[in-house]
Amino acid sequence: MKHSRPDGVDPHARSRARRRALQAIYAWQLSNTAINKVIDQFRNEQDMEVADLEYFEDLVRGVEKNLGSLDEALAAFLDRDIAQVDPIERAVLRIATYELRHRPDVPYRVVINEAIETTKRFGSEHGHTYVNGVLDHAAADWRKAEAQAPRKP
(Lines of atoms letter the chains of each structure in order from A; the text may use other names.)
(Lines give C-alpha, C1' and ligand atoms only; values in the text may rest on other atoms or scores of the structure.)
Protein backbone atom coordinates (compact mmCIF):
# COMPACT_ATOMS: atom_id res chain seq x y z
CA MET A 129 0.00 0.00 0.00
CA LYS A 130 1.50 3.33 -1.08
CA HIS A 131 1.26 6.33 1.21
CA SER A 132 1.94 9.09 -1.27
CA ARG A 133 1.06 12.67 -0.54
CA PRO A 134 -0.78 14.87 -3.04
CA ASP A 135 2.62 15.99 -4.40
CA GLY A 136 3.44 12.36 -5.24
CA VAL A 137 6.16 11.97 -2.60
CA ASP A 138 6.09 8.70 -0.68
CA PRO A 139 7.51 9.60 2.77
CA HIS A 140 8.33 5.96 3.56
CA ALA A 141 10.29 5.54 0.33
CA ARG A 142 12.11 8.81 1.11
CA SER A 143 13.02 7.53 4.58
CA ARG A 144 14.40 4.34 3.08
CA ALA A 145 16.32 6.41 0.50
CA ARG A 146 17.90 8.39 3.34
CA ARG A 147 18.91 5.21 5.19
CA ARG A 148 20.44 3.78 2.00
CA ALA A 149 22.17 7.11 1.32
CA LEU A 150 23.64 7.02 4.83
CA GLN A 151 25.01 3.54 4.21
CA ALA A 152 26.41 4.60 0.82
CA ILE A 153 28.02 7.81 2.15
CA TYR A 154 29.44 5.87 5.11
CA ALA A 155 30.96 3.28 2.76
CA TRP A 156 32.28 6.03 0.48
CA GLN A 157 33.87 7.91 3.41
CA LEU A 158 35.67 4.80 4.61
CA SER A 159 36.72 3.32 1.27
CA ASN A 160 37.30 6.36 -0.95
CA THR A 161 35.68 4.34 -3.73
CA ALA A 162 34.38 6.39 -6.67
CA ILE A 163 30.83 7.56 -5.95
CA ASN A 164 29.46 5.99 -9.17
CA LYS A 165 30.80 2.62 -8.08
CA VAL A 166 29.23 2.99 -4.62
CA ILE A 167 25.87 3.91 -6.17
CA ASP A 168 26.07 0.94 -8.56
CA GLN A 169 26.86 -1.41 -5.65
CA PHE A 170 23.84 -0.15 -3.74
CA ARG A 171 21.63 -0.42 -6.80
CA ASN A 172 22.66 -4.07 -7.19
CA GLU A 173 22.91 -5.16 -3.56
CA GLN A 174 20.22 -3.24 -1.70
CA ASP A 175 16.47 -3.57 -1.87
CA MET A 176 16.22 -0.31 -3.77
CA GLU A 177 12.79 -0.88 -5.27
CA VAL A 178 11.28 0.04 -1.89
CA ALA A 179 13.32 3.23 -1.70
CA ASP A 180 13.05 6.42 -3.72
CA LEU A 181 16.01 5.72 -6.01
CA GLU A 182 16.00 9.20 -7.54
CA TYR A 183 16.15 10.79 -4.10
CA PHE A 184 18.85 8.34 -2.96
CA GLU A 185 21.03 9.32 -5.92
CA ASP A 186 20.37 13.03 -5.39
CA LEU A 187 21.50 12.78 -1.76
CA VAL A 188 24.61 10.71 -2.47
CA ARG A 189 25.72 12.72 -5.51
CA GLY A 190 24.80 15.98 -3.77
CA VAL A 191 26.98 15.19 -0.76
CA GLU A 192 29.89 14.12 -2.96
CA LYS A 193 29.62 17.13 -5.28
CA ASN A 194 29.22 19.70 -2.48
CA LEU A 195 31.40 18.06 0.17
CA GLY A 196 33.71 21.05 0.72
CA SER A 197 30.92 23.61 1.09
CA LEU A 198 28.84 21.24 3.26
CA ASP A 199 31.73 20.64 5.66
CA GLU A 200 32.54 24.34 5.69
CA ALA A 201 28.94 25.24 6.51
CA LEU A 202 28.78 22.60 9.25
CA ALA A 203 32.05 23.72 10.86
CA ALA A 204 30.38 26.69 12.57
CA PHE A 205 28.05 24.32 14.46
CA LEU A 206 30.51 21.57 15.41
CA ASP A 207 32.56 21.34 18.59
CA ARG A 208 35.38 19.55 16.74
CA ASP A 209 36.80 19.12 13.27
CA ILE A 210 34.47 17.22 10.91
CA ALA A 211 37.09 14.47 10.57
CA GLN A 212 36.81 13.80 14.32
CA VAL A 213 33.04 13.29 14.21
CA ASP A 214 31.95 9.64 14.34
CA PRO A 215 31.71 8.35 10.72
CA ILE A 216 27.99 7.54 10.97
CA GLU A 217 27.16 10.91 12.53
CA ARG A 218 29.40 12.63 9.97
CA ALA A 219 27.50 10.97 7.11
CA VAL A 220 24.13 11.87 8.66
CA LEU A 221 25.20 15.48 9.20
CA ARG A 222 26.47 15.77 5.63
CA ILE A 223 23.22 14.38 4.20
CA ALA A 224 21.08 16.62 6.42
CA THR A 225 23.23 19.65 5.57
CA TYR A 226 22.78 18.90 1.89
CA GLU A 227 19.01 18.70 2.37
CA LEU A 228 18.83 21.86 4.48
CA ARG A 229 20.92 23.88 2.04
CA HIS A 230 19.97 22.39 -1.34
CA ARG A 231 16.49 20.89 -0.92
CA PRO A 232 14.18 23.70 0.21
CA ASP A 233 11.25 21.49 -0.86
CA VAL A 234 11.90 19.34 2.23
CA PRO A 235 10.74 20.99 5.47
CA TYR A 236 13.59 21.49 7.92
CA ARG A 237 11.71 19.61 10.66
CA VAL A 238 11.51 16.56 8.40
CA VAL A 239 15.25 16.77 7.69
CA ILE A 240 16.09 16.96 11.40
CA ASN A 241 13.65 14.22 12.42
CA GLU A 242 14.91 11.87 9.71
CA ALA A 243 18.53 12.56 10.70
CA ILE A 244 17.76 11.81 14.36
CA GLU A 245 15.88 8.60 13.56
CA THR A 246 18.59 7.39 11.18
CA THR A 247 21.28 8.10 13.77
CA LYS A 248 19.30 6.25 16.44
CA ARG A 249 19.15 3.26 14.13
CA PHE A 250 22.76 3.20 12.92
CA GLY A 251 24.80 5.48 15.18
CA SER A 252 26.25 5.35 18.66
CA GLU A 253 24.00 5.30 21.73
CA HIS A 254 23.89 9.07 22.19
CA GLY A 255 24.84 10.10 18.66
CA HIS A 256 21.32 11.29 17.88
CA THR A 257 21.58 13.89 20.66
CA TYR A 258 24.70 15.38 19.08
CA VAL A 259 23.14 15.33 15.59
CA ASN A 260 19.98 16.97 16.93
CA GLY A 261 21.91 19.78 18.63
CA VAL A 262 24.04 20.53 15.58
CA LEU A 263 21.11 20.49 13.16
CA ASP A 264 18.81 22.54 15.42
CA HIS A 265 21.37 25.35 15.48
CA ALA A 266 22.19 25.01 11.79
CA ALA A 267 18.52 25.03 10.70
CA ALA A 268 17.83 28.11 12.84
CA ASP A 269 20.53 29.87 10.82
CA TRP A 270 20.11 28.38 7.33
CA ARG A 271 16.31 28.21 7.34
CA LYS A 272 15.65 31.22 9.57
CA ALA A 273 12.30 32.24 8.04
CA GLU A 274 10.98 28.68 8.11
CA ALA A 275 12.24 28.05 11.65
CA GLN A 276 10.68 31.28 12.95
CA ALA A 277 7.34 30.79 11.22
CA PRO A 278 4.47 29.90 13.54
CA ARG A 279 3.70 26.20 13.62
CA LYS A 280 0.50 25.14 11.94
CA PRO A 281 -1.96 23.44 14.30
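Okay, so the sequence shown: first residue is 129 according to this note's numbering, each after it adds one.
Backbone N, C-alpha and C fix where the C-beta goes; we use that ideal spot for every residue, glycine too.
Review point. Does the Cβ-Cβ distance between Y236 and E274 come in under 7 Å?
Key: The sequence position of residue 236 within the sequence shown is 108, counting from 1. The sequence position of residue 274 within the sequence shown is 146, counting from 1. In this structure, E274 lies closer than 7 Å to Y236 by Cβ.
Practice item. Would you mind sorting D233 into buried or exposed? The rule is 16 or more other CB atoms within 10 Å of its CB. Key: One-based indexing of the sequence shown puts residue 233 at position 105. It counts as exposed.
Check your understanding: In terms of residue numbering, what span does the alpha helix (DSSP H) encompassing G190 cover?
Key -> The count along the sequence shown starts at 1 and reaches residue 190 at position 62. Per DSSP, G190 belongs to the alpha helix (DSSP H) from L181 to K193.
Point to revise | Uninterrupted alpha helix (DSSP H) stretches inside the segment 196-273 (no shorter than 4 residues) | key: 215-230, 236-250 and 255-270
**Study point:** Whole-angstrom C-beta distance between L158 and T246, which should lie under 8 Å
**Key:** Here residue 246 refers to the residue found at position 118 when the sequence shown is read from its first residue. Here residue 158 refers to the residue found at position 30 when the sequence shown is read from its first residue. At roughly 17 Å, the Cβ-Cβ gap does not stay under 8 Å, so T246 and L158 are not in contact.
Review point. Cβ-heavy atom distance between V239 and the ligand SAM below 6 Å?
Key: What this structure holds is no ligand at all, so the ligand SAM is not there to describe.
Practice item. Go through its chain and collect everything with a Cβ distance to R222's Cβ below 6 Å, but skip five positions before and after it. Key: The count along the sequence shown starts at 1 and reaches residue 222 at position 94. The residues are V191 and L198.
Practice item. Leaving out five residues on either side along the sequence, give the residues of the same chain with a beta carbon under 8 Å from the beta carbon of W156. Key: As a first step, residue 156 must be located in the sequence shown, where it is residue number 28. Same-chain partners within the cutoff: I163, V166, V188 and E192.
**Study point:** Cβ separation of R271 and L228, assumed to be a contact under 8 Å, to the nearest whole Å
**Key:** Counted from its first residue, the sequence shown places residue 271 at position 143. Counted from its first residue, the sequence shown places residue 228 at position 100. R271 to L228, Cβ: 6 Å. Contact.
Point to revise | Residue of D264, A179 and Y258 minimising C-alpha distance to R142 | key: Here residue 142 corresponds to residue number 14 of the sequence shown, with the count starting at 1. When only C-alpha atoms are compared, the closest one is A179.
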